[in-house]
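Quick note on my numbering: the sequence shown kicks off at 1396 and runs consecutively.
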Amino acid sequence: MRKIRVFDTTLRDGEQSPGATLTHREKIMIARQLEKLGVDVIEAGFPIASDDDFKAVKEIAETVKGLSVCGLARAMPKDIDRAWEAIQNAKKPRIHTFMSTSDVHLKHQFKKTRDEALEMSVEAVKLACSYCKDVEFSPMDATRTDPKFLFQVLEKVIEAGAGTVNIPDTVGYAQPVEFGKLIKNICDNVPGIENAVVSVHCHNDLGLAVANSLEAVRNGAGQVECTVNGIGERAGNASLEEIAMNLHTRSEFFGVCTSINLKEIYPSSLMVSNLTGMAVQRNKAIVGKNAFAHEAGIHQHGVLANSQTYEIMDPEMIGNKSQFVLGKHSGKHATKKVLKDMGFDLSDDELKQVTNRIKQLADKQKTVLDEDIVAIAGDVTQQLKKEEKRIVLEEFRIETGNKVKPTAILKLIIDGKKVEAKGTGVGPVDAITNALQSVSPTKVSLHEYHLNAITGGTDALADVEVKIVNGSGKVHNAEAINEDVLTASTNAIIKGINKALANKK
Ligand SMILES: [Zn+2]
1396 MRKIRVFDTT LRDGEQSPGA TLTHREKIMI ARQLEKLGVD VIEAGFPIAS DDDFKAVKEI
1456 AETVKGLSVC GLARAMPKDI DRAWEAIQNA KKPRIHTFMS TSDVHLKHQF KKTRDEALEM
1516 SVEAVKLACS YCKDVEFSPM DATRTDPKFL FQVLEKVIEA GAGTVNIPDT VGYAQPVEFG
1576 KLIKNICDNV PGIENAVVSV HCHNDLGLAV ANSLEAVRNG AGQVECTVNG IGERAGNASL
1636 EEIAMNLHTR SEFFGVCTSI NLKEIYPSSL MVSNLTGMAV QRNKAIVGKN AFAHEAGIHQ
1696 HGVLANSQTY EIMDPEMIGN KSQFVLGKHS GKHATKKVLK DMGFDLSDDE LKQVTNRIKQ
1756 LADKQKTVLD EDIVAIAGDV TQQLKKEEKR IVLEEFRIET GNKVKPTAIL KLIIDGKKVE
1816 AKGTGVGPVD AITNALQSVS PTKVSLHEYH LNAITGGTDA LADVEVKIVN GSGKVHNAEA
1876 INEDVLTAST NAIIKGINKA LANKK
């Protein structure tokens, strides 16, 4: 069977999702998990974008061994130099360079002619090839580019040494049949195309990213670019798990294979949603909470008799076990093993914290599920550094009810000084927010508030995600987990404000 390469861009395009910023350490953890998942290429970041990006790409390149590590670069010498500097120690380095080719981008964004764009593309590929033998080129906005010009660019960059040519549907505009035809035309008509792998990079603005990617595979594409949970700019990228499970479940139809280790799909999804703070919608295919839940009586009856009646996939196949894994008698070693299986690499001190919290939770509720453990581990690893905690919560009290004005009183330490904050609001969370706003050293507002029960039931862990916006409009995601909804809310809001304060510096 023809093998389709999976190019994961969770750490580059995915991290560009509004508010999904990852810390350095979280990026390394996700990269390690992607290695277990069996992707062929990791796009680790955009090294020229910032020093943080550069450092993360460099460390990922030096950490993971079994796959290619790719750095993104515009078609400019300084970008390519920087990308190479970041990935040169990788076992299998790849430079991915790109230039817009559509008239609308060239005219309004780049102020370049087609000839100039072609020359920049070829020069960029040549420079990249002088460093690295694995070079990928993307003509940005390919689906809105004049095909004649697109084919010419592809021919010239392959001639210049590009081993992979990636066709991005940058704005998520293409339709499956049309996109498949474009890929087939490229495979049939571009001179020299047999010397390159054709890749696709689809966005989900019209909900077609996966459909377009699959149609491209049927028409000759040898690489798909995707992200875990489909996160990414705007409506996101093609989702890795959906592509992998389509190609697997319907392998007789597609006649291709991937090297994805299916059992790592669910753990990867849990980790990415947890660390990015981007929750997975319940009814999301493959990894949504309801993906394998049968509600209709007739379906339940059928599944109990034989799971194949209504299930085309088995949840265990993707590593979704949803079973009791740890309890109050589990020690540090058992916790460590479970967390390691889920891709979390924690220090001894963090491990102790996670073990204690699992014990506390097991005391209160009967079962601790893998989702709970990932949530707790995510909470512990996402703790801010001591110097970033300018606001520390000592104690809080809430009064609420249907006949009283909801009031919050918080005892805080702000920059080393004791401060008491009081606020009222339409409800307890509003009161907490108003109290914190009244004492915050910088202007902040709460833009979004989400409350999730991690594993159902009134004794479940509450997972609160907030978006805090500072005076200049920058969004900071923060999340906190606790058995108590108001404790989780207070901690999440304080964490968000602390992130905004750290960023302001
Ligand atoms: Zn993209």
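All C-beta atoms, glycine included, are put in the ideal place defined by N, C-alpha and C.
Relative to the non-hydrogen atoms of ligand 1, the Cβ of His1491 never comes closer than 8 Å to any of them. Here Arg1677 is near Asn1685, since their CB atoms are less than 9 Å apart. Ile1786 is positioned such that its CB atom lies no closer than 9 Å to that of Leu1856.
Within the same chain, Glu1628 come within 6 Å of Gln1411 by CB-CB distance, once the 5 residues on both sides are set aside. Residue pairing by DSSP puts Asp1403 in a beta bridge opposite Ile1437, Cys1621. Within 8 Å of the C-beta of Pro1563 there is at least one heavy atom belonging to ligand 1. Judged by DSSP secondary structure, Tyr1844 falls within the beta strand (DSSP E) whose first and last residues are 1839-1848.
Across the structure, Lys1422 and Lys1798 are spaced so that their CA atoms are roughly 48 Å apart.
Taking C-beta separations shorter than 7 Å and ignoring five residues to either side along the sequence, the partners of Ile1475 in its chain run Ala1468, Ile1490, Thr1492, Ala1519, Leu1522, Ala1523, following chain order. In this structure, Asn1829 is the residue among Val1834, Asn1829, Thr1538, Gly1851 with its C-alpha nearest to the C-alpha of His1842.
Note on the segment 1598-1655: whole beta strand (DSSP E) runs with a minimum of 3 residues are 1618-1621, in chain order. For Leu1549, the closest C-alpha among the options Ser1525, Leu1577, Gly1714 is that of Leu1577. Note: Thr1819 is bridge-paired with Thr1802 in the DSSP secondary-structure output.
Residue pairing by DSSP puts His1491 in a beta bridge opposite Leu1467, Glu1531. By the Cβ criterion, the segment 1763-1781 is not in contact with the segment 1789-1804, since fewer than three pairs of Cβ atoms, one from each stretch, lie closer than 8 Å. Under the three-state reduction of DSSP, Ser1725 is assigned to coil, being neither helix nor strand. With a cutoff of 8 Å, His1598 counts as near ligand 1, since its C-beta is closer than that to a heavy atom of the ligand. Within 8 Å of the C-beta of Glu1480 there is not a single heavy atom belonging to ligand 1. Rounded to the nearest whole angstrom, the C-alpha separation of Ser1664 and Ala1606 is 20 Å.
In the three-state reduction of the DSSP assignment, Val1864 falls in the strand class. Between the segment 1647-1663 and the segment 1609-1624, the count of C-beta pairs closer than 8 Å reaches three or more; the two stretches touch. Nearest to Ala1875 by C-alpha distance, out of Asn1865, Lys1869, Tyr1844, Gly1868, is Tyr1844. In this structure, the CA atom of Gly1631 is about 9 Å from the CA atom of Asn1624. For Asn1656, the shortest C-beta to heavy atom distance toward ligand 1 is 8 Å or greater. Counting C-beta pairs with one atom in each stretch, the segment 1745-1765 and the segment 1848-1864 have three or more that are closer than 8 Å, which means they touch.
Ranked by Cα distance from Glu1514, the options Met1494, Tyr1526, Cys1527 are led by Met1494. In terms of Cβ geometry, Ile1626 and Thr1405 form a close pair [threshold 9 Å].
When only Cα atoms are considered, Ser1725 and Val1834 end up about 42 Å apart.
Residue state for Thr1750 is assigned as helix, using DSSP reduced to three classes.
For Asp1447, the enclosing alpha helix (DSSP H) starts and ends at 1446-1458. Here the segment 1414-1431 makes contact with the segment 1456-1465; the two share three or more CB pairs at distances below 8 Å. Apart from the 5 residues on each side of it in sequence, Ser1840 sits with its Cβ closer than 7 Å to the Cβ of Val1864 in its chain, given in chain order.
In this structure, the C-beta of Asp1767 stays at least 8 Å away from each heavy atom of ligand 1. Each of Ile1827, Gly1683, Asp1825, Pro1534 was checked against the Cα of Pro1710, and the nearest Cα belongs to Gly1683.
Not one heavy atom of ligand 1 lies closer than 8 Å to the C-beta of Asp1529.
Counting only residues of its own chain and dropping the five nearest sequence neighbours on each side, Thr1538 has a CB closer than 6 Å to the CB of Asp1564, Tyr1568, Ala1569.
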